[in-house]
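For the sequence shown, my numbering assigns the number 54 to the initial residue and increments by one for each residue that follows.
For each residue, glycine too, the CB sits at the ideal point set by N, CA and C.
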Amino acid sequence: MDIISISSSLFISKTLSSNFHTIPTFFFVLVVLLLPFDKHILMEMRWRNICVQGAMLGLLLLCFSLLVSGQTLDPLEVSALKAIRRKLKDPYKNLWNWKKKDPCENEWTGVICTEDDDQDAYLHVQELRLLNLNLSGKLSPRIGNLPNLTILNFMWNNISGSIPKEIGNLTNLQQLLLNGNQISGPLPEELGYLPKLVMFQVDQNHISGSIPKSFSKLKKVQHFHFNNNSLSGQIPSELSEIPEIIHILLDNNNLSGYLPPELGQIEKLRILQLDNNNFGGSIIPDSYATMPNLVKLTLRNCNLQGKVPDFSRIPGLLYLDLSSNKLEGNIPTNKFPVNITTIDLSGNMLIGSIPSNFSGLPELQILSLQHNRLTGDVPSTIWENMTFSSADATLTLNFENNFLQNISGSLNHPSNVTILLAGNPVCESANELKITQFCGLGDGDLVEPPGNSSSSQDECEPQICVAELFFEYAPDYPSCFCAAPIEVWFRLRSPSMTNFRPFVDFFKAYLTSDLGMEIYQLVVGGFDWQRGPKLILHLKFFPKFSNDSHIFSTNETRHLIEKFTKNDIHLDNFFGPYDLLNFNLGHYDNRTGMPPESGMSKGIIAAIVLGSISCAATLLFAIVFIYNKTHPTFQRKVSKNQPFPKNPIKFEGVRRFSFQELETATDSFNITTQVGQGGYGKVYKGILADGTIVAIKRAQQGSMQGEKEFYTEIELLSRVHHRNLVSLAGYCDEEDEQMLVYEFMPNGSLQSLLSARFQSSLGFSMRLRIASDSAKGILYLHTEADPPIIHRDIKANNILLDSKFTAKVSDFGISKLAPVSDGKGVGIEQISTVVKGTPGYLDPEYFFTNKLTERSDVYSLGIVFLELLTGKPPISHGRNIVREVITACQSGEMLSIVDKNMGPYDPECLKKFMELALKCSQEVTSARPSMLEVVRELENITSMLPESDSSIPSEIDGSSSSGMPSGYQPTPLYYSEGNGVNTNNNLFSNVYTGSDLVSGVIPTIKPR
């Protein structure tokens, strides 16, 4: 007893002395806790009661110690956050945990807390990171009540209304990131009183009015991104008073007046982008040609006059665009810096001849002089004397639509040089074959040539990595090293080049150096140019090749995520500003999660965790001990095995499973039964008691919907029935679980089939059938589902194949609902969303409008059609499938791009299928057909097939009992959302009406 008392006293003393700040509090609690230890009382107690008293003592001590050890958020800031939440609409429940008591202790989504400098006992909000959450509503003025805020990030949402002037109260704010929303109204003058602001991004909104002169007081601002708005008036010359500014992006507004010469006095300025404004006949100030650190200058379509200045005085200038203005005079000779990559003077009124000394620019990639009044001959010395800086270098010379008469010198040119002369007299009188090759119509979109990967992964056996989910080959590693990467989609907003390939290694070196990684740990999986121009990059980061480590550590993962999400990436100015578009953590998704959303110290976090565990354990011990003594027949019950709530909801045609049924079907959700993972949770392959194989999608914590939303999704999916859609088989909603059950698709996804070595069994007729099946399923979603559904993520991996290779579209649900009528009989055609699609399949117009429509699905399906025709992924090693096909068709080499494993095909059918695929994948939304038109055209192509080819190919229908192509073994199916039941395998309908073309609807389904 003495040892217990002494140990308890020492423990109490140590614990209290480390947590209490006042002597009176210490003695008060000490006396209260030691009262039960009166020695006379102890002598009379039985051993059981002593244990219970000891347990309760520990419980009181630890819980009380825990209460005083943790700090909470300032109540005024809690109130401000709640006011912010009330102004927002959160359709996807991303802010589900904002109802908990303390934002810091409970880690509210996007709220990052930090401790203050001993000024008070509270925590404070340091960062508010709510990017890409599909939030709408308005910004609350109460944001101004978060005085310690350093980062305010609402990028890529649907926030409307005006910018609250109260944000001007945030004197510690360093990043104001509101780009990619629907914000309107003027820019508050109060935003000019943010002394620590570094990043100021409000681009891609509907902001109007003029730029306040008070912004000149932002002495630390470096990034000034106001492009793609409706700003008007004169650019304030006072902006030249900002000493640290490096980026001024004001393009695509309604600015007018003149170009302020004072901007040329900003010494640190790297990028000046003023395209598509109206400066009323201004001349280009000479000061713009003397900025010592300028890397990129774009003044396209600004209604400028005068002559082209001498830019040789800017040694670092790499990108110059003065196109679509009214510039006059001759093209200056020797007036461009030696390292420039892009010169665009097209669409002006330039006269005279083309200077021959452009050959002295070894880094030049694009020289655009089309649509001017140039005369004379084209000097062949431009390409004859050109010395390229790298093997990947290319040069495009666009001299179309001038008055050029001939080509002086040799017509022979290197293969990496493209010459465009259409619309000149030289082409009208051309008789030589070598000249006519320059006279074809350009496609107006300069495309990088495909490159070859030097990756060692092409030599690796394809089965080695399959055993580990999310593992793949690290291409730049030795001996087929298999590891789990982290994928990042990254956009360069204003790069200073038009051909990225020669700069890939340069980019990798800068990025990995900033991240503290080796250059071989980064693989550029693909890149794609968008209008602007902007460059989207698909990056894969692999763990370091040392000690046979195949995964990143938790700290490495958090470091990588933190660097990107905090905009803390430092690239060379050559690459310009950037956007983070998306993450794919894959293997690390549930292992590490996102960085801790609390600024509490590690000691406090450790105290909370250990204290909570101790409290729970002590309390459990006390309760069980007492209850077992007084109730010998007590038996524990497991809530998971309780069958159902009292009043279960029933859905027609959908079975309700118990947790125990699904647990048994998956061997207690054994990892060996896991076949995929998405943002919603993990997907398992299960075998029910009757032998039925199913796919079970189990929601993870944080992704679970509210009860109403979950039942609404089940109700929706239970009514969506079509032979070409994966259908819901059942669900489970016991206690803390939300699971959806679908039929398992034995032949996997179209992506796995196209990438298999046995794809030669997939003939043209079968590919056409898969295309038709997929289109019919999507047409049903667009026209027959109630309410209509826009899929948003159509790709080869979301087209699944049953045992007879009938294609079914998967991964759709309530999160994909299209807008319905506005109540006046007028349909709303577009839906705003976050980036949910997949690079290569995503509608290009989304990046400029943040809107998705039914024809966005048409674009994605068109990319799938091109995959079926070519056997190639949409983006691979920098190649873009759309551009490759267009290039091949324009050069009359369409058959060279067709998948050689496809076998025999009807040429006319192939041509029409190719034409349809290209129509669907038009960059401009209005140029694409509707899904109904797509289905009709596929029906027409199918009817043209020889009768022997219109049925299921024998190599699929009869080669094996499984229905698979001979020798084909599908890879494990990585479901991203859900997959389901098929009840009807008819191939095609015969009547061209919207309803009949989706006539796979099960007739027993009742309308809503």
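Apply the 10 Å Cβ neighbour rule to residue i and answer buried if 16 or more other Cβ atoms are within range, or exposed otherwise.
{"i": "E481", "result": "exposed"}
{"i": "P296", "result": "exposed"}
{"i": "G945", "result": "exposed"}
{"i": "P368", "result": "exposed"}
{"i": "M570", "result": "buried"}
{"i": "G739", "result": "buried"}
{"i": "M955", "result": "buried"}
{"i": "S566", "result": "exposed"}
{"i": "N980", "result": "Looking at the sequence provided, one finds Ala at residue 980 rather than Asn. A980 comes out exposed."}
{"i": "A562", "result": "exposed"}
{"i": "M402", "result": "exposed"}
{"i": "T683", "result": "Only weak support is given to the placement of T683: the predicted model assigns it a pLDDT of 49, under 50, and the value that follows is read from those uncertain coordinates. T683 comes out exposed."}
{"i": "T395", "result": "buried"}
Helix, strand or coil: which one does DSSP assign to residue i?
{"i": "P128", "result": "helix"}
{"i": "N851", "result": "helix"}
{"i": "M819", "result": "helix"}
{"i": "Y833", "result": "helix"}
{"i": "A136", "result": "helix"}
{"i": "Q574", "result": "helix"}
{"i": "Q730", "result": "strand"}
{"i": "W436", "result": "helix"}
{"i": "F617", "result": "helix"}
{"i": "I488", "result": "helix"}
{"i": "Q287", "result": "strand"}
{"i": "G639", "result": "helix"}
{"i": "F722", "result": "coil"}
{"i": "L971", "result": "helix"}
{"i": "H276", "result": "strand"}
{"i": "H612", "result": "helix"}
{"i": "C157", "result": "coil"}
{"i": "A562", "result": "helix"}
{"i": "E525", "result": "strand"}
{"i": "E180", "result": "strand"}
{"i": "E540", "result": "strand"}
{"i": "S263", "result": "coil"}
{"i": "D430", "result": "strand"}
Taking 6 Å as the limit between beta carbons, can you name the residues of its chain near residue i, skipping five residues before and five after?
{"i": "K925", "result": "I934"}
{"i": "P799", "result": "S856"}
{"i": "P1025", "result": "Note on P1025: pLDDT 36, under 50, position unreliable in the model; the coordinate value appears next. Only V728 meet the Cβ criterion."}
{"i": "F918", "result": "A824 and A970"}
{"i": "L895", "result": "none"}
Given residue i, which residues of its chain have a CB within under 8 Å of its CB, disregarding the five upstream and five downstream residues?
{"i": "H307", "result": "Checking the sequence shown, residue 307 turns out to be Asn, not His. These residues qualify, in order along the chain: S283, L284, S285, N330 and N331."}
{"i": "K965", "result": "E990, N993, I994 and M997"}
{"i": "P144", "result": "N187 and S189"}
{"i": "F817", "result": "M955, G956, P957, Y958, D959, C962, L963 and D1002"}
{"i": "L129", "result": "N198"}
{"i": "F627", "result": "V348, L371, P548, S549, M550, F556 and F559"}
{"i": "L202", "result": "V178, Q179, E180, L181, I196, L223, N225 and L226"}
Can you tell me the Cβ-Cβ gap for residue i and residue j, rounded? I've got them flagged as a contact below 8 Å.
{"i": "G783", "j": "V728", "result": "Wrong, their Cβ atoms sit about 18 Å apart, outside the cutoff."}
{"i": "T447", "j": "N552", "result": "5 Å"}
Just to confirm, is the Cβ distance from residue i to residue j under 8 Å?
{"i": "A860", "j": "L991", "result": "no"}
{"i": "L230", "j": "M252", "result": "yes"}
{"i": "D445", "j": "R554", "result": "yes"}
{"i": "L464", "j": "L427", "result": "no"}
{"i": "P239", "j": "G262", "result": "yes"}
{"i": "D304", "j": "L327", "result": "yes"}
{"i": "H591", "j": "F580", "result": "yes"}
{"i": "H300", "j": "I264", "result": "no"}
{"i": "I767", "j": "L715", "result": "no"}
Once you ignore the five residues that flank residue i on each side, which residues in its own chain have a CB closer than 7 Å to its CB?
{"i": "C962", "result": "I994, M997 and L998"}
{"i": "G317", "result": "P338, S340, Y341, T343 and M344"}
{"i": "K388", "result": "D363, F364 and S365"}
{"i": "V879", "result": "For V879, the predicted model reports a pLDDT of 34, less than 50, meaning its position is unreliable; a value from the coordinates is still stated below. Closer than 7 Å at Cβ, skipping near neighbours: no residue."}
I'd like to confirm something about residue i: is its beta-carbon nearer than 7 Å to some heavy atom of the ligand MN, or not?
{"i": "L231", "result": "The ligand MN is not among the ligands present in this structure, which contains no ligands whatsoever."}
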